[in-house]
Amino acid sequence: DAKTTQPPSMDCAEGRAANLPCNHSTISGNEYVYWYRQIHSQGPQYIIHGLKNNETNEMASLIITEDRKSSTLILPHATLRDTAVYYCIVRVRGYNNNDMRFGAGTRLTVKP
Amino acid sequence: DARVTQTPRHKVTEMGQEVTMRCQPILGHNTVFWYRQTMMQGLELLAYFRNRAPLDDSGMPKDRFSAEMPDATLATLKIQPSEPRDSAVYFCASGSLGTGGNTIYFGEGSWLTVV
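Protein chains in written order, with the numbering used here: chain A, 206 to 317; chain B, 44 to 158.
Below is the structure:
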């Protein structure tokens with residue numbers, strides 16, 4: 206799987222948009238971008254995933270650049286409860302690919 | 044809400060004792076993962092199963108760790124003998140491959156302290 210690079214930490218003001226970047230310059234054509242987050246003392250939680258189109262769900266939006274070498278997770282109106290470690294993962298989606306390996310992620314702190 | 048259930052949630056044991064952690068994956072999921080998380084190493088993939096068959100346990104210390112799926116509703120991770128360096132949070136996760144998303148869902152973890 207392609208490796209990802211994320212900033213170790215970021216701050217965001219409550220109510221503002223949080224934009225979390227991820228670089229995956231060696232991503233291959235059949236690899237998806239997944240985002241998970243881990244709130245302190247809890248198991249990681251799925252947020253969103255995409256291949257090449259931008260995606261949006263009730264939690265966040267995912268913007269993938271046209272060359273797919275980077276992406277941005279957007280939390281449109283961050284709350285204090287969004288303070289967590291956010292993981293960007295790239296992996297092939299399909300029956301024959303099973304593992305999901307996590308890097309160090311970005312520690313997002315939402316401040317009042 | 045379907046969820047992955049792990050037991051025990053917390054365990055304190057003495058060095059040398061056997062520890063067994065259990066996981067009930069979400070019904071219908073065909074893939075089960077075991078992860079370990081420490082402050083130093085982050086979230087490490089230990090092993091995973093597909094349709095109850097072990098596919099990869101390369102992340103697991105072979106001499107003392109073992110993982111099994113006796114049936115589709117139970118996955119176990121055993122440490123024998125346990126050592127203080129095994130102190131960590133152990134997460135189980137399950138997913139259903141081939142269907143939309145390939146996302147995996149985590150349990151709340153088993154917090155292990157070996158003294």
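We put the beta carbon where it would ideally sit given N, CA and C, even for glycine.
Treat the numbers as computed from the prediction; the structure is a model and nothing was measured.
Exposure label - residue i; buried when at least 16 CB within 10 Å
i	result
leucine 285(A)	exposed
aspartate 106(B)	exposed
leucine 155(B)	buried
aspartate 129(B)	buried
histidine 229(A)	buried
isoleucine 252(A)	buried
threonine 311(A)	buried
serine 153(B)	buried
arginine 52(B)	exposed
threonine 209(A)	buried
serine 101(B)	exposed
threonine 74(B)	buried
glutamate 57(B)	exposed
Residue i: contacting residues in chain B (beta-carbon distance under 9 Å)
i	result
tyrosine 251(A)	Gly144, Thr146, Ile147, Tyr148, Phe149
Amino acids of chain B, ordered along the chain, whose beta-carbon sits closer than 7 Å to that of residue i
i	result
glutamine 247(A)	Glu151
arginine 306(A)	Leu88
Contact list for residue i against chain A, beta-carbon separation under 7 Å
i	result
phenylalanine 108(B)	What phenylalanine 108(B) touches in chain A: nothing, since even the nearest Cβ is about 17 Å away.
Coil, strand or helix - residue i by DSSP
i	result
valine 238(A)	strand
valine 97(B)	The sequence shown places proline at residue 97(B), rather than the valine named in the question. The answer is strand: DSSP assigns proline 97(B) an E or B state.
leucine 285(A)	helix
proline 127(B)	helix
arginine 312(A)	strand
threonine 116(B)	coil
serine 233(A)	coil
histidine 72(B)	coil
aspartate 304(A)	coil
glycine 138(B)	strand
serine 246(A)	coil
glutamate 87(B)	strand
For residue i, the residue or residues it bridges with in DSSP
i	result
glutamine 49(B)	Cys66(B)
serine 275(A)	Asn228(A)
threonine 209(A)	Threonine 209(A) is not bridged to any residue.
isoleucine 252(A)	BP columns for isoleucine 252(A) are empty, so no partner.
valine 55(B)	Thr156(B)
Anticipated Cβ contact below 8 Å, residue i with residue j, distance rounded
i	j	result
alanine 218(A)	histidine 282(A)	With 8 Å as the limit, alanine 218(A) and histidine 282(A) do not qualify as a contact, their Cβ atoms being about 11 Å apart.
glycine 308(A)	phenylalanine 134(B)	Going by Cβ atoms, the distance from glycine 308(A) to phenylalanine 134(B) rounds to 16 Å, so no, they are not a contact pair.
methionine 64(B)	leucine 98(B)	That belief does not hold up - the Cβ atoms of methionine 64(B) and leucine 98(B) are roughly 19 Å apart, past 8 Å.
glycine 255(A)	tyrosine 237(A)	7 Å
Contact list for residue i against chain B, beta-carbon separation under 8 Å
i	result
alanine 309(A)	Gly85
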